[in-house]
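The structure appears right after this line, and notes come after that.
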Amino acid sequence: MSSFSDALHAALPGLEKIRDGLGPYPTASHAALMRLRSLRPTVAETPPAPRPVPAVQAPGPAAATVSLESDSWTLDSLREAALACVKCPHLVKSRTQVVFGVGNPNADLMFVGEAPGADEDAEGEPFVGKAGQLLTKIIGAMGFSRDQIYIGNVLKCRPDMPAGSMGNRKPRPEEMKTCLPWLEKQIALIKPKVLVALGATAVEGLLGNTEPVGKLRGRFLDFQGIPVMTTYHPAYLLRNQSISEKRKVWEDMLKVLERLDLPISEKQRNFFTKSDS
Ligand code: SF4
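So the sequence shown is residues 70 to 346, counted in my numbering.
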């Protein structure tokens, strides 16, 4: 077992139970995936759309003039333009790369986090650090793999840190507001049936809602007609070892599966029993 698996096993006994109890491809989940595949075309089945040439962005304020209004954008052309974005000069200076998003461009389910951290900035993919690996396990327990759903962030560049500082910082409201048009267009192109906002900062960036996650979670909010489930950020679960908090996240994910009209196995339904809390 890898050092990560050792650490995760120690930190997250509840979610390991999901893996051990259901296996990597639970029967009900298989059925769910088959159903998803039958509903939505996969990447390989989707013929490549013509790619418009995005507006060239000059460094500095002029870069903010890129128009996202056109119907000719595709997810690929949007990614290409976002990767060259220089709307936030302070983040451009500190970032390794823009972290656009990853997954199925036709996903029914999309997770939205707040911003890339150091690991994501280095790899160019959202949720690849320890919290991301936990998210991948939660996604797996729901019956998906990462390439069957979509994962993105409100802020697409890593928030800069003071020189010599370690760790990551929360994105500022004005930074998220500046970057939000990329995510809005991303969502408009992917057209997910359900969004999951991971943590308070993500829901603030997406919806402008500053209520605590504890008050928001467990019920659907709305983003431009798309239901949004707010739940705790996986990093919170890594910090908080309480089974009751893990159970809340899992209950939120069961509601998401129900909203997607996907089958839920008995094992999934009863994963956290009352005796666990
Ligand atoms: S955070 Fe968003 S808006 Fe700012 S430079 Fe990065 S991609 Fe552009």
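A virtual CB, placed ideally from N, CA and C, is assigned to each residue, including glycine.
Not a single heavy atom of the ligand SF4 lies less than 7 Å from the C-beta of E189.
Boundaries of the beta strand (DSSP E) harbouring P296: I295 to T300, taken from the DSSP string. G182 and N222 do touch by the CB rule: their CB atoms are close to 5 Å apart, below 8 Å.
For L323, the CB contacts under 8 Å within the same chain, skipping 5 residues up- and downstream, are I333, Q337 and R338 in chain order.
For I220, the secondary structure class from DSSP, reduced to helix, strand or coil, is strand. Shown here, M179 sits in a strand according to DSSP, grouped into three states. Under the DSSP assignment, D140 falls outside any alpha helix (DSSP H); it carries neither an H nor an E label. In this structure, DSSP gives L258 a helical state, which the three-state scheme calls helix. One Cα belongs to T300, the other to R316, and the distance between them is close to 11 Å. With respect to the C-alpha of K262, the residue from P250, G268, V325 and L252 having the closest C-alpha is V325. Approximately 6 Å separates the beta-carbon atoms of M230 and R238; this is inside 8 Å, confirming the contact. For the pair V155 and P195, the CB atoms are not nearer than the 8 Å cut-off. Partner residues in a beta bridge of V167, as assigned by DSSP, do not exist. Scanning its chain for C-beta atoms nearer than 6 Å, with the 5 sequence neighbours on each side dropped, one finds no residue around G236. In this structure, the straight-line span from the alpha carbon of V272 to that of D188 is close to 22 Å. In this structure, the beta-carbon distance from V282 to F289 does not fall below 8 Å. Of the candidates A200, L252 and R308, the residue whose Cα lies closest to the Cα of Q293 is L252. Contact check for I259 and Y305: beta-carbon distance about 25 Å, past the 8 Å limit, so the pair fails to qualify.
When S214, M245 and T270 are compared, the shortest CA-CA separation from L178 is found for S214. Within the same chain, no residue comes within 7 Å of N309 by CB-CB distance, once the 5 residues on both sides are set aside. Ranking H159, F180 and G172 by CA distance to the CA of I295 puts F180 first.
In the DSSP secondary-structure assignment, A153 is not bridged to any residue.
If you draw a 10 Å sphere on the C-beta of T270, you find 16 or more other C-beta atoms in it, and that means buried. Excluding residues up to 5 positions away in sequence, D229 lie with their Cβ nearer than 8 Å to the Cβ of H159 in the same chain. Beta-bridge annotation (DSSP): G172 is paired with Y219.
Per DSSP, L329 is not a residue of any alpha helix (DSSP H), being assigned neither H nor E. D229 carries a coil assignment under DSSP once its states are collapsed to helix, strand and coil. Taking a contact as a CB-CB distance under 8 Å, the pair P185 and R227 counts as one, their CB atoms being some 5 Å apart.
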